[in-house]
Amino acid sequence: RVIIENAYNLRHIHSDAFTGTALDIQVLAIRNTPLHEGPHNDLFVALNMLKHVREIYLTNTSIYVIPINAFVSLVNLQELHINYGQVRSIESMAFRDLPMLFQLLLTGNRIASVGDLAFDLKSSGQLDNQVYIDLSYNYLNDRSFTGNPYSVAPVTKEALVISLNHNHVTLNYLIKN
Numbered sequence: 037r038v039i040i041e042n043a044y045n046l047r048h049i050h051s052d053a054f055t056g057t058a059l060d061i062q063v064l065a066i067r068n069t070p071l072h073e074g075p076h077n078d079l080f081v082a083l084n085m086l087k088h089v090r091e092i093y094l095t096n097t098s099i100y101v102i103p104i105n106a107f108v109s110l111v112n113l114q115e116l117h118i119n120y121g122q123v124r125s126i127e128s129m130a131f132r133d134l135p136m137l138f139q140l141l142l143t144g145n146r147i148a149s150v151g152d153l154a155f156d157l158k159s160s161g162q163l164d165n166q167v168y169i170d171l172s173y174n175y176l177n178d179r180s181f182t183g184n185p186y187s188v189a190p191v192t193k194e195a196l197v198i199s200l201n202h203n204h205v206t207l208n209y210l211i212k213n
């Protein structure tokens, strides 16, 4: 378990930050720290090295964009919380091949743009668990979504639950798409 909290001078994590310990970390929490993605998405390169991680918490950070392949092939990841931060955009295929993921919380950011297949969980084959994606309290509207961001639905045995509370997305948009 690694917890980084109130590290006000930490703005960047090197892509090799977890070298030597990557396979030992099961829970990573970074809270109240002005951490951003880095010049070459170094933060996400480092996070994708955590092959045994079960839970990741990125709370109140300065991450602005969740890039393509931000979280890919983390086969043990069950919970991912990116809450109460500065996230404005989720790029296409940001979340891929996460077969154990059942909770993805993106609550309380500034998300106004979600790319096509941003939540491409289908590459992980058959998901056995219900998947809960919470996009509540963001800046989403009917033009925020490019194509179909949710390709998880056809491959889950259980329900896909998506919360869009306190956004500006209309019911007509959701039914049509």
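Mapped onto the numbering used here, the consecutive letters of the sequence shown carry residue numbers 37 to 213.
Positions of the beta carbon are idealized from the N, C-alpha and C atoms, including for glycine.
Sorted by chain position, which residues of the same chain lie with C-beta nearer than 6 Å to residue i's C-beta, five sequence neighbours on each side aside?
i	result
Ala82	Ile49, Ser51, Ala53, Phe54
Tyr100	Gln122, Arg124
Met129	Ile104, Leu153, Asp156
Pro185	Val150, Ala154, Phe155
His204	Asn177
Phe181	Val150
Pro190	At Pro190 the pLDDT is 49, less than 50, meaning the model places this residue with poor confidence; the figure from the coordinates comes in the next sentence. For Pro190, where only same-chain residues beyond five positions count, there are no Cβ hits under 6 Å.
Please name the residue, chosen from the options, that lies closest to residue i on a Cα-to-Cα basis.
i	options	result
Gly183	Ala154, Leu113, Glu91	Ala154
Asn165	Asp178, Leu71, Leu196	Leu196
Ala43	Pro103, Ser98, Asn77	Ser98
Gly151	Gly144, Met85, Leu176	Leu176
Leu94	Glu73, Lys87, His88, Val108	Glu73
Leu88	Asp170, Val108, Asn145	According to the sequence as given, residue 88 is His; it is not Leu. It is Val108 whose Cα lies nearest to the Cα of His88.
Val63	Arg37, Phe80, Thr57	Arg37
Where residue i and residue j are concerned, what is the direct C-alpha to C-alpha distance, given to the nearest angstrom?
i	j	result
Asn112	Arg67	22 Å
Tyr173	Gln139	17 Å
Asn105	Phe131	6 Å
Leu142	Ile198	11 Å
Val123	Asn45	19 Å
Pro103	Asn77	8 Å
Asp133	Glu91	15 Å
Asp60	Thr206	44 Å
Met85	Leu110	8 Å
Glu127	Ser149	8 Å
Arg47	Asn201	31 Å
Ile40	Ala65	6 Å
Thr69	Arg179	31 Å
Gly144	Ile118	9 Å
Val188	Leu71	Model confidence at Val188 stands at a pLDDT of 47, short of 50, so the residue's coordinates are unreliable; what they give is reported in the following sentence. Rounded to the nearest angstrom, the two C-alpha atoms are 29 Å apart.
Tyr120	Asn96	5 Å
In its own chain, which residues sit with a C-beta less than 7 Å from the C-beta of residue i, not counting the 5 before and 5 after it?
i	result
Leu137	Leu113, Gln114, Leu116, Leu157, Val167
Apart from the five residues on each side of it in sequence, which residues of its chain come closer than 8 Å, Cβ to Cβ, to residue i?
i	result
Lys212	Per-residue confidence for Lys212 stands at a pLDDT of 47, beneath the threshold of 50, marking its modelled position as unreliable; no derived number is given.
Ile147	Val123, Arg124, Ser125, Ile126, Leu171, Asn174, Tyr175, Leu176, Ser180
So if DSSP puts residue i in a beta bridge, which residue, or which two residues, is it bridged to?
i	result
His204	Asn177
Asp156	Arg132
Arg67	Glu41, Thr95
Asp170	Leu141, Ser199
Leu83	BP columns for Leu83 are empty, so no partner.
Val108	Arg132
Asn119	Thr95
Val150	Ile126, Phe181
Val101	Ser125
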